[in-house]
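Trainee: Take a look at the following structure, please.
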Amino acid sequence: MVPSFLHVHVPFRQVEMYLPSLLERRLQPELGLQAIDLDLHEPGYFTNLGARFQAASLAVTVHAPFMDLNAGAVEPLVQQATLKRFLQTLDAADRLAARLVVFHPGYDSWRYGKQRRAWLQQALHFWPQLCVRAERLGIRLALENIYDEDSVLLREQVDGLDHPSFGHCFDIGHWALFGKPTLAAWLQSLDSKLFHLHLHDNFGRQDDHLPVGAGQIDFTPLWSHLTETGLRPSITLEAHSQTHLDHSLAAVLPFLDALN
(Lines of atoms letter the chains of each structure in order from A and count residues from 1; the text may use other names and numbers.)
(Lines give C-alpha, C1' and ligand atoms only; values in the text may rest on other atoms or scores of the structure.)
Protein backbone atom coordinates (compact mmCIF):
# COMPACT_ATOMS: atom_id res chain seq x y z
CA MET A 1 0.00 0.00 0.00
CA VAL A 2 1.24 3.48 -0.87
CA PRO A 3 1.77 5.56 2.32
CA SER A 4 -0.49 8.56 2.85
CA PHE A 5 2.47 10.96 2.86
CA LEU A 6 3.82 9.85 -0.55
CA HIS A 7 3.28 11.83 -3.75
CA VAL A 8 4.43 11.53 -7.35
CA HIS A 9 5.52 14.27 -9.74
CA VAL A 10 2.94 15.16 -12.40
CA PRO A 11 3.31 18.14 -14.77
CA PHE A 12 0.02 20.03 -14.63
CA ARG A 13 -0.28 20.04 -18.41
CA GLN A 14 -0.39 16.22 -18.29
CA VAL A 15 -2.73 15.77 -15.34
CA GLU A 16 -5.75 14.73 -17.42
CA MET A 17 -3.66 12.12 -19.22
CA TYR A 18 -2.39 10.59 -15.97
CA LEU A 19 -5.55 11.09 -13.88
CA PRO A 20 -7.08 7.64 -14.58
CA SER A 21 -3.82 5.92 -13.60
CA LEU A 22 -3.43 8.06 -10.47
CA LEU A 23 -6.94 7.21 -9.33
CA GLU A 24 -6.59 3.51 -10.13
CA ARG A 25 -3.21 3.13 -8.41
CA ARG A 26 -4.10 5.44 -5.49
CA LEU A 27 -1.14 7.73 -6.25
CA GLN A 28 -1.20 11.27 -4.90
CA PRO A 29 0.16 13.96 -7.23
CA GLU A 30 2.54 16.81 -6.77
CA LEU A 31 1.24 19.01 -9.56
CA GLY A 32 3.97 21.03 -11.24
CA LEU A 33 2.48 24.36 -12.29
CA GLN A 34 3.92 26.64 -14.94
CA ALA A 35 2.94 30.22 -15.67
CA ILE A 36 0.97 29.15 -18.73
CA ASP A 37 -1.15 26.82 -16.56
CA LEU A 38 -2.15 29.76 -14.39
CA ASP A 39 -2.98 31.88 -17.43
CA LEU A 40 -4.89 29.30 -19.47
CA HIS A 41 -7.17 27.75 -16.85
CA GLU A 42 -10.18 29.36 -15.22
CA PRO A 43 -10.42 29.15 -11.40
CA GLY A 44 -13.28 26.67 -11.70
CA TYR A 45 -11.03 24.16 -13.45
CA PHE A 46 -8.70 23.98 -10.45
CA THR A 47 -11.70 23.62 -8.13
CA ASN A 48 -13.16 20.81 -10.24
CA LEU A 49 -9.86 18.96 -10.44
CA GLY A 50 -9.33 19.29 -6.71
CA ALA A 51 -12.81 17.90 -6.09
CA ARG A 52 -12.00 14.83 -8.17
CA PHE A 53 -8.94 14.09 -6.06
CA GLN A 54 -10.84 14.79 -2.85
CA ALA A 55 -13.62 12.42 -3.91
CA ALA A 56 -10.97 9.72 -4.24
CA SER A 57 -9.43 10.68 -0.84
CA LEU A 58 -6.14 11.56 -2.53
CA ALA A 59 -4.11 14.49 -1.21
CA VAL A 60 -2.46 17.00 -3.53
CA THR A 61 0.76 19.00 -3.24
CA VAL A 62 1.75 21.74 -5.68
CA HIS A 63 5.06 22.85 -7.15
CA ALA A 64 5.02 26.57 -7.96
CA PRO A 65 6.32 28.00 -11.25
CA PHE A 66 9.98 28.99 -11.05
CA MET A 67 11.33 30.02 -14.46
CA ASP A 68 12.61 33.64 -14.25
CA LEU A 69 11.03 34.08 -10.80
CA ASN A 70 13.05 35.19 -7.80
CA ALA A 71 11.88 35.85 -4.24
CA GLY A 72 14.99 37.90 -3.43
CA ALA A 73 15.25 39.79 -6.71
CA VAL A 74 16.87 43.19 -6.40
CA GLU A 75 14.97 44.41 -9.47
CA PRO A 76 11.52 45.59 -8.27
CA LEU A 77 9.71 44.52 -11.44
CA VAL A 78 11.00 40.96 -11.07
CA GLN A 79 9.81 40.96 -7.46
CA GLN A 80 6.38 42.14 -8.59
CA ALA A 81 6.12 39.40 -11.21
CA THR A 82 7.27 36.79 -8.71
CA LEU A 83 4.72 37.92 -6.13
CA LYS A 84 1.93 37.85 -8.69
CA ARG A 85 2.76 34.32 -9.83
CA PHE A 86 3.20 33.01 -6.29
CA LEU A 87 -0.12 34.51 -5.16
CA GLN A 88 -1.79 32.95 -8.21
CA THR A 89 -0.18 29.65 -7.23
CA LEU A 90 -1.57 29.85 -3.69
CA ASP A 91 -5.03 30.56 -5.07
CA ALA A 92 -4.79 27.57 -7.43
CA ALA A 93 -3.43 25.39 -4.60
CA ASP A 94 -6.37 26.36 -2.39
CA ARG A 95 -8.83 25.46 -5.15
CA LEU A 96 -7.00 22.14 -5.62
CA ALA A 97 -7.32 21.54 -1.85
CA ALA A 98 -3.54 21.25 -1.63
CA ARG A 99 -1.98 21.68 1.78
CA LEU A 100 1.66 22.24 0.74
CA VAL A 101 3.33 24.26 -2.03
CA VAL A 102 7.00 23.93 -2.98
CA PHE A 103 8.88 27.06 -4.10
CA HIS A 104 12.29 27.69 -5.66
CA PRO A 105 13.71 30.74 -3.84
CA GLY A 106 15.68 31.87 -6.91
CA TYR A 107 19.14 32.43 -5.42
CA ASP A 108 22.26 31.52 -7.41
CA SER A 109 25.66 32.36 -5.93
CA TRP A 110 27.22 32.67 -9.40
CA ARG A 111 24.80 35.46 -10.30
CA TYR A 112 24.66 37.30 -6.98
CA GLY A 113 28.18 36.89 -5.60
CA LYS A 114 28.75 39.73 -3.14
CA GLN A 115 25.05 40.69 -3.37
CA ARG A 116 24.06 37.76 -1.16
CA ARG A 117 23.07 39.97 1.78
CA ALA A 118 21.01 42.23 -0.47
CA TRP A 119 19.24 39.18 -1.91
CA LEU A 120 18.49 37.82 1.57
CA GLN A 121 17.04 41.13 2.79
CA GLN A 122 14.74 41.23 -0.21
CA ALA A 123 13.65 37.63 0.39
CA LEU A 124 12.95 38.29 4.07
CA HIS A 125 10.75 41.17 2.99
CA PHE A 126 9.06 39.08 0.29
CA TRP A 127 8.02 35.89 2.09
CA PRO A 128 5.90 37.25 5.00
CA GLN A 129 3.07 38.35 2.70
CA LEU A 130 2.95 34.81 1.27
CA CYS A 131 3.05 33.31 4.78
CA VAL A 132 0.08 35.39 5.93
CA ARG A 133 -2.00 34.26 2.98
CA ALA A 134 -0.84 30.64 3.25
CA GLU A 135 -1.71 30.46 6.94
CA ARG A 136 -5.19 31.81 6.22
CA LEU A 137 -5.66 29.11 3.58
CA GLY A 138 -4.20 26.31 5.71
CA ILE A 139 -1.30 25.76 3.31
CA ARG A 140 2.36 25.23 4.20
CA LEU A 141 5.18 26.73 2.11
CA ALA A 142 8.38 24.75 1.53
CA LEU A 143 11.62 26.22 0.13
CA GLU A 144 13.56 23.83 -2.07
CA ASN A 145 17.36 23.68 -2.26
CA ILE A 146 18.51 24.10 -5.87
CA TYR A 147 22.12 25.29 -6.44
CA ASP A 148 22.78 25.63 -2.72
CA GLU A 149 26.16 24.37 -1.54
CA ASP A 150 24.91 24.38 2.05
CA SER A 151 21.68 25.03 3.91
CA VAL A 152 22.70 28.36 5.45
CA LEU A 153 20.78 30.74 3.16
CA LEU A 154 17.68 28.55 3.24
CA ARG A 155 17.79 28.44 7.03
CA GLU A 156 18.31 32.19 7.25
CA GLN A 157 15.01 32.60 5.46
CA VAL A 158 13.07 29.92 7.35
CA ASP A 159 14.55 30.62 10.77
CA GLY A 160 14.60 34.38 10.17
CA LEU A 161 10.84 34.48 9.61
CA ASP A 162 10.09 31.73 12.14
CA HIS A 163 6.57 31.21 10.78
CA PRO A 164 4.73 27.92 11.43
CA SER A 165 3.66 27.69 7.77
CA PHE A 166 7.19 28.22 6.37
CA GLY A 167 9.73 25.40 6.11
CA HIS A 168 12.02 23.32 3.93
CA CYS A 169 11.70 20.98 0.97
CA PHE A 170 14.90 18.95 0.81
CA ASP A 171 15.77 17.76 -2.71
CA ILE A 172 18.29 14.95 -2.39
CA GLY A 173 19.23 15.01 -6.08
CA HIS A 174 20.16 18.70 -5.93
CA TRP A 175 22.11 18.07 -2.73
CA ALA A 176 24.10 15.36 -4.51
CA LEU A 177 25.01 17.77 -7.30
CA PHE A 178 25.81 20.92 -5.33
CA GLY A 179 25.83 20.21 -1.60
CA LYS A 180 29.09 20.17 0.35
CA PRO A 181 27.96 19.01 3.84
CA THR A 182 27.19 15.34 4.30
CA LEU A 183 23.60 14.24 3.82
CA ALA A 184 23.24 13.57 7.55
CA ALA A 185 24.61 16.99 8.48
CA TRP A 186 22.33 18.83 6.03
CA LEU A 187 19.23 17.02 7.24
CA GLN A 188 20.11 17.65 10.87
CA SER A 189 20.53 21.37 10.16
CA LEU A 190 16.90 21.64 9.00
CA ASP A 191 15.60 20.42 12.35
CA SER A 192 11.81 20.15 12.66
CA LYS A 193 11.26 22.55 9.75
CA LEU A 194 11.68 19.72 7.23
CA PHE A 195 8.22 19.76 5.65
CA HIS A 196 8.78 17.88 2.39
CA LEU A 197 11.24 15.71 0.44
CA HIS A 198 11.99 15.32 -3.27
CA LEU A 199 13.52 11.94 -4.07
CA HIS A 200 15.37 11.07 -7.29
CA ASP A 201 18.86 9.89 -8.19
CA ASN A 202 21.86 10.89 -10.30
CA PHE A 203 25.60 10.26 -10.78
CA GLY A 204 26.73 13.65 -9.47
CA ARG A 205 27.20 15.22 -12.89
CA GLN A 206 23.75 16.42 -13.99
CA ASP A 207 20.16 16.53 -12.77
CA ASP A 208 19.18 13.20 -14.37
CA HIS A 209 16.09 12.54 -12.23
CA LEU A 210 16.87 8.83 -12.31
CA PRO A 211 14.81 6.34 -10.29
CA VAL A 212 15.82 5.96 -6.66
CA GLY A 213 18.66 3.43 -6.58
CA ALA A 214 19.63 3.87 -10.25
CA GLY A 215 22.38 6.41 -9.55
CA GLN A 216 25.12 6.79 -6.96
CA ILE A 217 23.23 8.48 -4.08
CA ASP A 218 23.29 6.58 -0.81
CA PHE A 219 19.82 7.08 0.70
CA THR A 220 20.68 5.24 3.92
CA PRO A 221 21.37 8.42 5.98
CA LEU A 222 17.96 9.75 4.94
CA TRP A 223 16.08 6.67 6.14
CA SER A 224 18.16 6.69 9.35
CA HIS A 225 17.38 10.35 9.97
CA LEU A 226 13.64 9.84 9.58
CA THR A 227 13.74 6.77 11.82
CA GLU A 228 15.79 8.44 14.56
CA THR A 229 13.99 11.79 14.61
CA GLY A 230 10.46 10.53 14.07
CA LEU A 231 9.95 13.22 11.43
CA ARG A 232 7.41 12.32 8.77
CA PRO A 233 7.65 14.92 6.02
CA SER A 234 5.56 14.39 2.93
CA ILE A 235 7.57 12.93 0.04
CA THR A 236 7.44 13.29 -3.71
CA LEU A 237 9.08 10.87 -6.11
CA GLU A 238 10.32 13.09 -8.92
CA ALA A 239 10.30 10.49 -11.66
CA HIS A 240 9.95 11.73 -15.24
CA SER A 241 8.51 8.58 -16.79
CA GLN A 242 6.12 5.80 -15.81
CA THR A 243 8.94 3.25 -15.87
CA HIS A 244 11.14 5.39 -13.63
CA LEU A 245 8.25 5.87 -11.23
CA ASP A 246 7.68 2.14 -10.96
CA HIS A 247 11.39 1.60 -10.22
CA SER A 248 11.37 4.33 -7.57
CA LEU A 249 8.27 2.94 -5.90
CA ALA A 250 9.84 -0.51 -5.73
CA ALA A 251 12.98 0.98 -4.18
CA VAL A 252 11.38 3.20 -1.52
CA LEU A 253 8.25 1.36 -0.40
CA PRO A 254 10.13 -1.14 1.84
CA PHE A 255 11.73 1.79 3.70
CA LEU A 256 8.54 3.84 3.86
CA ASP A 257 6.54 0.86 5.11
CA ALA A 258 8.98 0.62 8.01
CA LEU A 259 8.31 4.28 8.86
CA ASN A 260 4.51 3.88 9.02
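Take 443 as the starting number for the sequence shown in my numbering and just add one per residue. Glycine is no exception: its CB is placed at the ideal position from the N, C-alpha and C atoms. Since we're looking at a predicted model, the values are computed, not measured.
1) Would a check of beta-carbon distances place residue 675 closer than 8 Å to chain B?
2) Assuming the contact rule is C-beta atoms closer than 8 Å, residue 628 and residue 593 should be a hit. Round their C-beta distance to whole Å, please.
3) Where does residue 447 fall in DSSP's three states?
4) Report the partner residues of residue 457 according to the DSSP bridge assignment.
5) Once the 5 residues before and after residue 415 are set aside, which same chain residues still bring their CB inside 6 Å of it?
6) DSSP three-state call for residue 712: helix, strand or coil?
7) I'd like to know whether the C-beta atoms of residue 448 and residue 625 end up nearer to each other than 8 Å.
8) I'd like the ranges of any alpha helix (DSSP H) spanning at least 4 consecutive residues and lying wholly in the segment 611-639.
9) Less than 8 Å between C-beta atoms, sequence neighbours within five positions excluded: which residues of the same chain meet that for residue 630?
10) What would DSSP say about residue 574, mapped onto helix, strand or coil?
11) Along the beta strand (DSSP E) that carries residue 470, what are the first and last residues, could you check?
12) State yes or no: is the C-beta of residue 457 within less than 8 Å of the C-beta of residue 469?
13) At which residues does the alpha helix (DSSP H) containing residue 478 begin and terminate?
14) Give the range of the beta strand (DSSP E) segment to which residue 505 is assigned.
15) With DSSP collapsed to three states, give me the class of residue 596.
16) What whole-angstrom Cβ distance do residue 642 and residue 651 have, given they're in contact under 8 Å?
17) Shortest alpha-carbon distance to residue 662 belongs to which of 614, 687, 647?
18) What separation, rounded to the nearest whole angstrom, lies between the Cα atoms of residue 506 and residue 475?
19) Alpha carbons only, please: which of 691, 676, 558, 462 is nearest the one belonging to residue 504?
20) Hey, how far is the Cα of residue 647 from the Cα of residue 690?
21) Which residues does DSSP list as the beta-bridge partners of residue 602?
22) Kindly indicate the opening and closing residues of the beta strand (DSSP E) around residue 706.
23) Taking all protein chains shown into account, decide if residue 479 is buried (16 or more other Cβ within 10 angstroms of its Cβ) or exposed.
24) Can you pull the DSSP bridge partners for residue 608?
25) Which residues in the same chain have their Cβ closer than 6 Å to the Cβ of residue 546, if we skip the five residues on either side of it in sequence?
Mentor: Short version:
1) Here there is only one protein chain, and chain B is not present.
2) 5 Å
3) Coil at residue 447, not helix or strand.
4) DSSP, once it has assigned bridges, lists no residue as partnering residue 457.
5) No information on residue 415 is available, as it lies outside the stretch 443 to 702 that the chain covers here.
6) With the chain covering 443 to 702 only, the question about residue 712 has no answer from this structure.
7) no
8) 614-620, 625-632
9) 667
10) helix
11) 470-474
12) no
13) 477-482
14) 503-505
15) helix
16) 5 Å
17) Put simply, of 614, 687, 647 the residue whose alpha carbon is nearest the alpha carbon of residue 662 is 614.
18) 5 Å
19) 676
20) 20 Å
21) BP columns for residue 602 are empty, so no partner.
22) For the chain, the structure presents residues 443 to 702; residue 706 sits outside this window and is missing.
23) Buried: at least 16 other Cβ atoms inside 10 Å.
24) 583
25) 508, 586, 588
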